[in-house]
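Trainee: Chains as they are written, first to last, in the UniProt record's numbering: chain S, 1 to 529; chain E, 1 to 291.
Heads up, the beta-carbon is just placed ideally off N, CA and C, and yes, glycines get one too.
Spelled out as structure tokens, the structure:
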């Protein structure tokens with residue numbers, strides 16, 4: 001592959017560029033917007049993490065010590081909402097903004113002004129959500145899944161603010177997703193055929209499709225919650241002919257694809273990093289593409305596996321059990337391909353690779369516990385216990401978050417032009433790896449023993465494990481401050497890196513200088529293979 | 001090979017997105033607060049909401065003026081036009097999915113929750129103990145809690161509205177043909193017709209709502225039948241309003257001489273949107289009114 005990089009811009013566009021804060025408010029540049037997304041998601045990650053610390057502090061001992069149960073519920077709710085919509089999703093959108101135009105050889109995102117809009121909606125949306133915590137009556141306290149009737153009959157008066165902040169997050173996601181799809185479909189450089197697309201681009205294409213398909217359903221769900229609570233409708237109330245279980249169907253029709261929205265880009269990142277540090281081509285590129293597509297398709301027909309204990313008809317339980325288990329096939333293909341890529345490669349263990357290997361192992365653990373939860377009769381025992389909490393934290397923290405860390409370490413030198421502090425980064429990795437397992441692995445045990453989730457107190461027999469879990473939690477939380485330090489130092493300076501930061505790396509993004517020039521590919525690069 | 005390539009226009013910095021974000025913020029806070037303040041003395045929410053709407057209108061004018069100026073001065077390439085078209089198509093898909101949620105609720109209620117409350121499948125005891133005497137029929141005119149209403153028939157206003165909307169889809173198509181053949185007079189006539197038909201539809205829908213509230217006692221609060229009826233037709237009506245505004249703006253631009261036979265994305269976007277609201281209406285007419 002060869003690339004033409006141009007750093008000259010049309011002078012009539014550039015001579016009145018605003019600087020300072022206005023540069024960031026008005027920017028249409030995908031790299032600026034990508035950076036803002038990433039910084040925003042890091043801030044949200046720390047805020048959501050602080051809430052997790054409150055939860056773990058309360059659960060350090062049985063009994064109620066630090067916070068009121070009502071406040072505890074707000075913490076679990078807002079922690080979930082922030083981590084899902086504020087940390088993981090914006091981080092992936094930030095990576096998409098930075099990398100997709102460079103990977104496909106485009107001058108920028110397809111719709112740059114809308115790109116800026118979809119970012120700037122987010123800080124406003126989350127300030128509404130966070131402000132509601134300080135209002136009379138408190139913030140949302142019905143869990144991030146806001147099941148009716150908890151969110152309708154039994155919620156506090158500030159629920160309307162929650163509804164509209166979710167609407168804003170949804171708009172931002174939909175606009176971001178439209179931008180990603182159009183960029184990929186329409187702005188690929190000549191010669192960048194579909195089956196030459198980097199996998200990160202492929203997985204984001206499919207993710208963006210999922211976003212467009214399900215975020216509006218979430219909007220519909222919160223709208224029905226709003227009218228049920230404030231305008232006298234009874235969608236989720238049997239008195240008027242509705243059904244609270246209907247809430248769960250509509251919510252999880254959004255919610256399950258949402259789960260894959262948070263993991264498909266992770267697959268793309270891992271599929272990019274593992275070949276680089278194994279110095280081999282990715283094993284089974286085409287099967288990766290097909291596996292991602294089938295996971296996306298299956299995500300639409302498995303939603304009710306979150307609802308096995310709601311008294312669905314038997315046929316429904318069986319259908320959703322089998323369709324859920326089917327997902328393990330394409331996921332297995334992916335894990336197999338990553339391992340096969342490493343097989344007989346000349347592997348080196350740079351920081352991104354460490355996070356990627358940890359991802360493969362730990363995400364697989366999360367996948368297996370997911371398989372256990374998919375078994376309907378077994379789920380009757382696991383449902384709403386800490387086993388579920390362990391499962392989705394393995395796939396989301398050691399899955400999604402680890403992949404984001406891997407991606408950031410992989411591309412950070414490209415963004416800043418400097419190598420990060422490798423020693424500090426390795427400390428960050430090892431401390432995170434150990435503490436995250438101390439944090440989440442024992443949750444499997446207390447969960448199987450029957451400890452319910454989202455409760456501020458617990459029976460005495462869970463005390464030892466919970467103390468260990470809390471220690472792991474604090475350690476994991478504190479370790480992330482190292483990550484902040486590494487990123488900050490790397491932005492400030494360090495050893496200069498060449499265009500191709502990692503010698504085994506492939507792709508257009510490594511053909512441009514480090515740091516990547518403000519405008520890349522104003523004429524498209526030629527793709528030769 | 002190299003020279004074939006048209007430059008893709010990447011706009012310089014723009015203040016409109018952040019203004020739009022601020023506008024949305026005020027709309028969200030304003031709507032939230034005014035809903036929370038319903039029936040109370042405070043009214044700060046409404047003012048915030050109005051301020052937000054004003055900001056958004058200001059933003060829309062500014063942003064679109066920007067885009068129109070750029071388009072008229074020939075900055076846009078064929079490729080950018082394709083970006084706009086694809087963006088609009090995906091936006092319409094997201095709108096389809098929004099309606100999908102409410103249609104889902106309608107089908108769930110009709111096929112599952114209402115029959116189950118009436119004792120279907122293995123719910124005989126639920127019916128016997130909790131909702132004794134409740135009869136599962138659709139339209140659900142008597143709710144389990146005993147509230148009653150009357151059903152909206154399909155033969156009167158709804159049928160006329162269906163014909164109006166179908167006709168408007170045809171007229172907007174004729175307008176498109178006229179635009180592509182550069183027959184400006186025909187184009188103007190068909191645009192005016194389409195906008196008028198849109199306004200006519202909305203007027204009749206207001207009529208229908210008044211009829212429902214005043215004569216049938218069918219309200220938003222009349223159980224799941226009234227809920228789905230008003231949410232589906234109401235959101236559809238909002239989309240028709242938006243579509244009519246879009247067509248109206250396009251019409252004004254056509255009268256100003258904008259939009260040519262080979263460069264008319266704005267027209268296409270409005271027309272696609274119009275066909276979309278038409279298709280949604282057909283589904284509504286079938287599943288909410290007729291069947």
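(1) Would you mind listing the alpha helix (DSSP H) stretches within the segment 402 to 453 of chain S that are 4+ residues and don't spill past its ends, in chain order?
(2) Please give the ranges of any alpha helix (DSSP H) in the segment 94 to 139 of chain S, keeping only runs that are unbroken, at least 4 residues long and fully inside the region.
(3) Between the C-alpha atoms of residue 272 of chain E and residue 226 of chain S, what's the straight-line distance to the nearest angstrom?
(4) Taking only beta-carbon positions, decide if residue 11 of chain E is within less than 7 Å of chain S.
(5) Can you give me the C-alpha to C-alpha distance between residue 212 of chain S and residue 206 of chain S, rounded to a whole angstrom?
(6) Does residue 123 of chain E have its Cβ less than 7 Å from a Cβ in chain S?
(7) Say whether the segment 199 to 211 of chain E touches the segment 233 to 240 of chain E, bearing in mind that this needs 3 or more beta-carbon pairs closer than 8 Å, one atom from each stretch.
(8) Label residue 70 of chain S either buried or exposed according to how many other C-beta atoms from any shown protein chain fall within 10 Å of its C-beta, with 16 as the threshold for buried.
(9) Under the three-state reduction of DSSP, which class applies to residue 470 of chain S: helix, strand or coil?
(10) Below 9 Å between beta carbons is the criterion; list the residues of the segment 119 to 132 of chain S that meet it against any residue of chain E, in chain order.
(11) Taking beta-carbon pairs under 9 Å, can you tell me which members of the segment 202 to 231 of chain E lie near chain S?
(12) So if I threshold CB-CB distances at 8 Å, which residues from the segment 310 to 336 of chain S count as touching chain E?
(13) Who are residue 165 of chain S's beta bridge partners in DSSP?
(14) Residues in its own chain within less than 6 Å of residue 446 of chain S by CB, not counting five upstream and five downstream?
(15) Report yes or no: is there a C-beta of chain E within less than 7 Å of the C-beta of residue 379 of chain S?
(16) Among E:145, E:224, E:67, which one has its Cα closest to the Cα of residue 105 of chain E?
(17) Name, please, each residue of chain S whose Cβ falls closer than 7 Å to the Cβ of residue 107 of chain E.
(18) Rounded to whole angstroms, what's the CA-CA distance from residue 55 of chain S to residue 252 of chain S? Just pull it up for me.
(19) Do we get a CB-CB distance below 7 Å when we pair residue 90 of chain E with the residues of chain S?
(20) To the nearest angstrom, how far is the alpha carbon of residue 403 of chain S from that of residue 38 of chain S?
(21) Put residue 158 of chain S into one of helix, strand or coil per three-state DSSP.
(22) Are any of the Cβ atoms in chain E nearer than 7 Å to that of residue 168 of chain S?
(23) Between the segment 14 to 28 of chain S and the segment 55 to 68 of chain S, are three or more C-beta pairs nearer than 8 Å?
(24) For residue 2 of chain E, which of helix, strand or coil comes out of DSSP?
(25) Could you please tell me which residues of the segment 37 to 53 of chain E, in chain order, have their CB closer than 8 Å to any CB of chain S?
(26) Kindly list, in the order they appear in chain E, the residues whose Cβ is closer than 7 Å to that of residue 35 of chain S.
(27) Unbroken alpha helix (DSSP H) runs of length 4 or more, entirely within the segment 58 to 90 of chain S: which are they?
(28) With residue 250 of chain S as the anchor, note down where its alpha helix (DSSP H) starts and where it stops.
(29) Applying the 10 Å Cβ sphere with the 16-neighbour rule, what's the burial state of residue 255 of chain E?
(30) Taking C-beta to C-beta, are residue 531 of chain S and residue 108 of chain S nearer than 7 Å?
(31) Residue range of the alpha helix (DSSP H) that residue 378 of chain S falls in?
(32) Is it true that the CB of residue 376 of chain S sits closer than 7 Å to the CB of residue 321 of chain S?
(33) Could you please tell me which residues of the segment 173 to 186 of chain E, in chain order, have their CB closer than 9 Å to any CB of chain S?
(34) Tell me which residue opens and which closes the alpha helix (DSSP H) that residue 152 of chain S is part of.
(35) Grab me the residues of residue 53 of chain S's own chain with a C-beta within less than 6 Å of its C-beta, minus the 5 sequence neighbours each way, in chain order.
(36) Measure from the alpha carbon of residue 311 of chain S to the alpha carbon of each residue in S:214, S:380, S:338, then state which is nearest.
Mentor: Short version:
(1) 402 to 416, 422 to 448
(2) 112 to 133
(3) As a working mapping, residue 272 of chain E is identified with position 272 in the second chain. As a working mapping, residue 226 of chain S is identified with position 226 in the first chain. In a straight line, the C-alpha of residue 272 of chain E is about 30 Å away from that of residue 226 of chain S.
(4) The sequence position of residue 11 of chain E within the second chain is 11, counting from 1. So yes, residue 11 of chain E belongs to the interface.
(5) On the first chain, residue 212 of chain S is found 212 positions in, with the first residue counted as 1. On the first chain, residue 206 of chain S is found 206 positions in, with the first residue counted as 1. Looking at the two C-alpha atoms, the distance is approximately 10 Å.
(6) Numbered from 1 along the second chain, position 123 holds the residue referred to as residue 123 of chain E. No - not a single Cβ of chain S is within 7 Å of the one on residue 123 of chain E.
(7) yes
(8) As a first step, residue 70 of chain S must be located in the first chain, where it is residue number 70. Burial call: exposed.
(9) Within the first chain, numbered from 1, the residue matching residue 470 of chain S stands at position 470. Residue 470 of chain S: helix per DSSP, three-state reduction.
(10) 119, 120, 121, 122, 123, 124, 125, 127, 128, 131, 132
(11) 219, 220, 221, 222, 223, 224, 225, 226, 227, 228, 230, 231
(12) 313
(13) Mapped onto the first chain, residue 165 of chain S falls at position 165. Looking at the DSSP assignment, residue 165 of chain S forms no beta bridge with any residue, so it has no partner.
(14) Here residue 446 of chain S corresponds to residue number 446 of the first chain, with the count starting at 1. Same-chain partners within the cutoff: 386, 462, 465.
(15) Here residue 379 of chain S refers to the residue found at position 379 when the first chain is read from its first residue. No, no contact with chain E.
(16) Residue 105 of chain E sits at position 105 when you count from the first residue of the second chain. The candidate whose alpha carbon is nearest that of residue 105 of chain E is E:224.
(17) Locating residue 107 of chain E in the second chain gives position 107, counting from the first residue. Chain S residues near residue 107 of chain E: none, gap ~10 Å exceeds 7 Å.
(18) For the purposes of this step, residue 55 of chain S is taken as residue 55 along the first chain, with counting starting at 1. For the purposes of this step, residue 252 of chain S is taken as residue 252 along the first chain, with counting starting at 1. The alpha-carbon atoms of residue 55 of chain S and residue 252 of chain S are separated by roughly 25 Å.
(19) On the second chain, residue 90 of chain E is found 90 positions in, with the first residue counted as 1. Yes, residue 90 of chain E counts as interfacial toward chain S.
(20) Position 403 of the first chain holds residue 403 of chain S. Position 38 of the first chain holds residue 38 of chain S. Whole-angstrom Cα-Cα distance: 14 Å.
(21) Counting from 1 along the first chain, the entry for residue 158 of chain S is found at position 158. Residue 158 of chain S: coil per DSSP, three-state reduction.
(22) What you label residue 168 of chain S is simply residue 168 of the first chain in a count that begins at 1. With 7 Å as the cut-off, residue 168 of chain S counts as an interface residue toward chain E.
(23) no
(24) Indexing the second chain from 1 puts residue 2 of chain E at position 2. Because the pLDDT of residue 2 of chain E is 44, which lies under 50, any placement of that residue in the model is unreliable, and the question is left without a value.
(25) 38
(26) For this step, residue 35 of chain S is matched to residue 35 along the first chain. The premise fails here: residue 35 of chain S is roughly 15 Å from chain E at the closest Cβ pair, so nothing lies under 7 Å.
(27) 69 to 81
(28) Position 250 of the first chain, counted from the start, is the residue given in the question as residue 250 of chain S. It spans 244 to 261 - the alpha helix (DSSP H) in which residue 250 of chain S sits, taken as one unbroken run.
(29) Your numbering for residue 255 of chain E matches position 255 in the second chain. So residue 255 of chain E ends up on the exposed side.
(30) Nothing in the structure corresponds to residue 531 of chain S, since chain S is present only between 1 and 529.
(31) As a first step, residue 378 of chain S is located in the first chain; it is residue number 378 there, counting from the start. Note, residue 378 of chain S: alpha helix (DSSP H), 376 to 382.
(32) Taking the first residue of the first chain as position 1, residue 321 of chain S is located at position 321. Taking the first residue of the first chain as position 1, residue 376 of chain S is located at position 376. Yes, the pair counts as a contact, with Cβ atoms nearer than the cut-off.
(33) none
(34) Taking the first chain and counting its residues from 1, the one referred to as residue 152 of chain S is at position 152. Element bounds for residue 152 of chain S: n/a, residue is neither H nor E.
(35) Residue mapping note: residue 53 of chain S aligns to position 53 of the first chain, counting from 1. Taken in chain order, the residues that qualify are 477.
(36) On the first chain, position 311 is the one that residue 311 of chain S refers to. Checked all of S:214, S:380, S:338; the closest Cα to residue 311 of chain S is S:380.
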